[in-house]
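These protein sequences, in sequence, are chains A, B, C and D. Going by the working numbering, the first residue of the first sequence is number 200, and it counts up by one from there. Going by the working numbering, the first residue of the second sequence is number 200, and it counts up by one from there. Going by the working numbering, the first residue of the third sequence is number 200, and it counts up by one from there. Going by the working numbering, the first residue of the fourth sequence is number 200, and it counts up by one from there. Below is one structure; the comments refer to it alone.
Number of protein chains: 4
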Amino acid sequence: MEQLKIADKTFNSRLFTGTGKFSNSETMRDAILASESELVTVALKRVEVGNQKDALLSSLTHESLSLLPNTSGVRTAKEAVFAAQMAREALETNWVKVEIHPDPKYLLPDPVETLKACEELVKLGFVVMPYIQADPVLCKRLEEVGAQCVMPLGSPIGSNNGLKTRNFLEIIIEQSNVPVIVDAGIGRPSHAADAMELGADAVLVNTAIAVSPNPVSIAKAFKLAVEAGRMAFEARLAPRATQAQASSPLTRFLYE
Amino acid sequence: MEQLKIADKTFNSRLFTGTGKFSNSETMRDAILASESELVTVALKRVEVGNQKDALLSSLTHESLSLLPNTSGVRTAKEAVFAAQMAREALETNWVKVEIHPDPKYLLPDPVETLKACEELVKLGFVVMPYIQADPVLCKRLEEVGAQCVMPLGSPIGSNNGLKTRNFLEIIIEQSNVPVIVDAGIGRPSHAADAMELGADAVLVNTAIAVSPNPVSIAKAFKLAVEAGRMAFEARLAPRATQAQASSPLTRFLYE
Amino acid sequence: MEQLKIADKTFNSRLFTGTGKFSNSETMRDAILASESELVTVALKRVEVGNQKDALLSSLTHESLSLLPNTSGVRTAKEAVFAAQMAREALETNWVKVEIHPDPKYLLPDPVETLKACEELVKLGFVVMPYIQADPVLCKRLEEVGAQCVMPLGSPIGSNNGLKTRNFLEIIIEQSNVPVIVDAGIGRPSHAADAMELGADAVLVNTAIAVSPNPVSIAKAFKLAVEAGRMAFEARLAPRATQAQASSPLTRFLYE
Amino acid sequence: MEQLKIADKTFNSRLFTGTGKFSNSETMRDAILASESELVTVALKRVEVGNQKDALLSSLTHESLSLLPNTSGVRTAKEAVFAAQMAREALETNWVKVEIHPDPKYLLPDPVETLKACEELVKLGFVVMPYIQADPVLCKRLEEVGAQCVMPLGSPIGSNNGLKTRNFLEIIIEQSNVPVIVDAGIGRPSHAADAMELGADAVLVNTAIAVSPNPVSIAKAFKLAVEAGRMAFEARLAPRATQAQASSPLTRFLYE
């Protein structure tokens, strides 16, 4: 399968993961390693900045893993820029997942503040990965200000509802010149395969792995599903038919 | 992962395949081997009965593969029973996939004739695998007459539309004491994973592999997807939520 | 709008209703009259046979209403035939809705017993209206034995889930020579309109009206929705488009 | 049914219509009157500004109808403001539907420019009705800058695909303090009923009426469907069930 390239990094795995909601650090580490994910988001607010022995960070120190700080918890572009700068300092990375959600109930992203933050952060030398609604026009505008990828949501975060925004993801994928990473709503391996078959470049999965009774197995299942979907996308699937087509075309009945 | 047991056979792979619509025998063989499928349907009408050197059969001779003759092309129970007997003779197997579809356009199964044929065939010592609508009551009746599994359809055959019968498949899986194999309509790896996550015991895929531009890759993709879905089923997935749940629960905003 | 003809009766309303689950007889009567329904199912088991003053029956005596006894509660063709005969005696009608559901949990119909019962009942002079799965082959067989209509379900009874069997209903409507009445699963006026737009000849609604906090208003809403859907079907709707088509085609931008 | 109030106007009808794509002015007028719509969008670019005898305008002069100029064809907030001012002059109304879609293919709205335009137009004394993605955060921001309603899309414009954005419309309706009008994607009366049942305050329908073979009948059908959906919403529908619930609860089988 083709490698995925974002900014200066190259990924073998198209499954990105997160660190929220795991019952403990060891399970988290085991599950993330089992997923073979190479990019892992971590909420800045969960890192004990300046603490050399931060438990979360030390459990994620692994040669195959890059950390992707996110700005979860901020409500404005200004706060996001500040958080990104803190993260760059603390985690020694200029990558940042921009999440600006003023509403604590649904955690849906603010399109206007997100665009503003990304524009500013790109100027400050960041590699920005914005979490946004599946809004094709916003995606193009983010691309124009220099976002290195876009991260449209599949359905409300944590809902595990799959690709409810399918119609818009298709347009985004068709129009985008930067990688499209489906984020939020992917609750089952089949959802991840679905996104990859559609042509997404990667998916980000967190809740579905973290809160399952068996995170390591689910992580492996997602790994396989992402590979399956990508493999099918690259090999081109058969088109849908509106009418039944016999697998064994029925040119005649057997006994006539 | 758990092995699947049907009658006296045990399967490591939960992906069953078919032999229709491939462009040539070599591609068919390569794709089926790539899928790691251990049970392959073959239409009786496509076998040159009595011909020791039948091209289709010889290309499928492989230690890991069992052949499953189907009765495609028959319109009544009587014809199905006759076809099954022919197949037993020709292919030296008492397994038979019972397909009775009087309508050549949509190839949908006849519930009444299928039940009658299965009842008769079980008495004649066959292992019957009936292809049927996703009809929970019919599934129970087939189980009662001795069918060793049921094969409800996901959507019209060859439509590649996925699990349109989901609501009924769930009831069938809940109620069944024999393996449930989703047959027809599975057009993408994500559909196969979806069926397995739902609790299906196996899936049968033919058209989606055979008519793709790259059957070997698609076959591998289906293999991975079936494993992903089964692994997730066995490990138990997280439930769907109706409201967003933050991956990183938002107890407070970052700057307040 | 065209009138609907079944056997010897002609209907102005394409909304059939039921009598189950209402909180009391008066509300039931008011709601049914508000719906302008002309055919109302009544479970034989709920009628006090031989009682001239049966409360249910007397509340439904109205010139615009025909009663349609159903065989709910029977498990075999034999029981259904017996129940139909009882109903003919008690209610003085040779119409019968054939419902045979051996499973008390999901109340899904038995295809084999239903076909057998209908064949017998037609011979006995009944007008039979069979409640069945959305099974196109079974529908044709019922038509062949003389059923005057077919009543495929939209989704499991009482689920209010709408037309989950859409793909199969489309095939049934395309192939049928007798009226197709969608029964079960219609939980909202939009579901009823949906069925009518698809080309169903009528719908049967019970639970959604009976258990609502305001049955009379909901009954009126269903009446309007059925008319809306039928009107649109007769006038032919615009086809779906896969790509956006501007309402006001954009030949040029406004300021260029 | 409750009346709908937007800014200083009160509406009996919750069906708004448009003027694009009709084959001729007479059919347009007849269909709009048949719909009983009281608010009709008209693209500024289609009006011959300053022409007293503009054919489109004169055909729409009717006491029950208010015109709602839209800014279709503009790509920026600045152009939108200018177009709104032109429209106010030409049509003598301070109402304006703000449509800013830089992409001529899918005509999807630009969230950032739309917010900017609305903020400016409100200051200039306009009643603004913004056409937007089903983006809950954007809706709140529009409300904050003084938009008198929001017009989220159901699916891509002209697609006739219904409420693909259902999950987000539900959140918007839950959170909004101004009327929510579902715009774009409503292709069938059942879609309109669906939106109203969900709690939308109104719907805007254009393509589905204009391009049908029989616009007057379809317009009437939409009128009925909107009323049906609203009536059901006000009367409260029954909830969905996950398991079948018998209309006639089966406490026992009939013959046992």
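For each residue, glycine too, the CB sits at the ideal point set by N, CA and C. The model shown is predicted, which means the values in this text are computed figures rather than measured ones.
Under DSSP, N269 of chain D forms a beta bridge with D:A242 and D:K296.
Distance check between R429 of chain C and each of C:N405, C:S389 and C:A283 places C:S389 closest, using alpha-carbon atoms only. For L307 of chain D, the residues of chain A that pass the 7 Å Cβ criterion are P335 and V336, in the order they occur in the chain.
Burial state of P412 of chain D is exposed, judged by a 10 Å Cβ sphere holding fewer than 16 other Cβ atoms. Cβ contact annotation for I231 of chain B (same chain, cutoff 8 Å, sequence separation greater than five): T216, T218, V239, L259, L264 and A418, in chain order. For K315 of chain C, no beta strand (DSSP E) encloses it; the enclosing alpha helix (DSSP H) starts and ends at P310 to K322. Here the alpha carbon of N293 of chain D sits roughly 6 Å from the alpha carbon of V326 of chain D. Annotated as distal: S375 of chain D and T364 of chain D, with beta-carbon spacing of 8 Å or more.
Y330 of chain A is bridged by DSSP to A:M350. For D393 of chain A, the chain B residues whose Cβ falls inside 7 Å of its Cβ are S389, in order along the chain.
Residues of the same chain with a CB within less than 8 Å of the CB of K220 of chain B, apart from the 5 flanking positions on each side, are N405, T406, A409 and V410 in chain order. Unbroken alpha helix (DSSP H) runs of no fewer than 4 residues, entirely contained in the stretch 349-413 of chain C, are found at 365-374, 388-397 and 406-409, following chain order. In the pairwise beta carbon analysis, the stretch 270-282 of chain C is classified as touching the stretch 307-325 of chain C: at least three pairs are separated by under 8 Å.
Per DSSP, the unbroken alpha helix (DSSP H) holding T226 of chain C starts and ends at S224 to S234. 8 Å or more divides the Cβ of S236 of chain A from the Cβ of L267 of chain A. Contact between P308 of chain B and V336 of chain C holds, with the beta-carbon distance rounding to 7 Å and staying under 8 Å. A direct Cα-Cα distance of roughly 26 Å separates S271 of chain B from P351 of chain C. Within the DSSP secondary-structure output, G345 of chain B pairs in no beta bridge. As a beta-bridge residue in DSSP terms, L214 of chain B pairs with B:V402. L203 of chain B: member of the beta strand (DSSP E) spanning L203 to I205, first to last residue. When the beta-carbon positions are compared, V349 of chain A and C338 of chain A come within less than 8 Å of each other.
For the pair F421 of chain B and V381 of chain A, the Cα-to-Cα distance works out to about 21 Å. Contact of V311 of chain A with chain D by beta-carbon distance below 9 Å involves P310, V311, L314, K315, V336, L337 and R340. Contact annotation: I385 of chain D and G361 of chain D have beta-carbon atoms nearer than 8 Å.
Interface criterion not met: the Cβ of R228 of chain A is under 8 Å from no Cβ in chain B. Between A242 of chain B and N269 of chain B, the gap from beta carbon to beta carbon is short of 8 Å. In this structure, the CA atom of R228 of chain C is about 46 Å from the CA atom of A383 of chain B. Pairing L403 of chain A with A427 of chain B gives a Cβ-Cβ distance that is not under 8 Å. In this structure, V377 of chain D sits near Q347 of chain D, with a CB-CB distance shorter than 8 Å. Just measuring C-alpha positions, the residue of A:P303, A:V280, A:K304 and A:Y305 sitting nearest K296 of chain A is A:V280.
When C-alpha distances from S416 of chain D are compared across D:G324, D:S234, D:A206 and D:E318, the shortest belongs to D:S234. Sequence-distant Cβ neighbours of E298 of chain D in its own chain, meaning closer than 7 Å and more than five residues away, are N269, T270, S271, P308 and Y330. Only buried fits S212 of chain D, as 16 or more other CB atoms lie within 10 angstroms of its CB.
A residue is called buried when at least 16 other Cβ atoms come within 10 angstroms of its Cβ; L368 of chain A meets this threshold and is buried. Setting aside the 5 residues that flank it on each side, A333 of chain B is surrounded in the same chain by P351, L352, G353, T364, F367, L368 and I371, each with a C-beta closer than 8 Å to its C-beta; the list follows chain order.
Under a 10 Å Cβ-count criterion, A254 of chain A is classified as exposed, with fewer than 16 other Cβ atoms of the shown protein chains found around its own Cβ.
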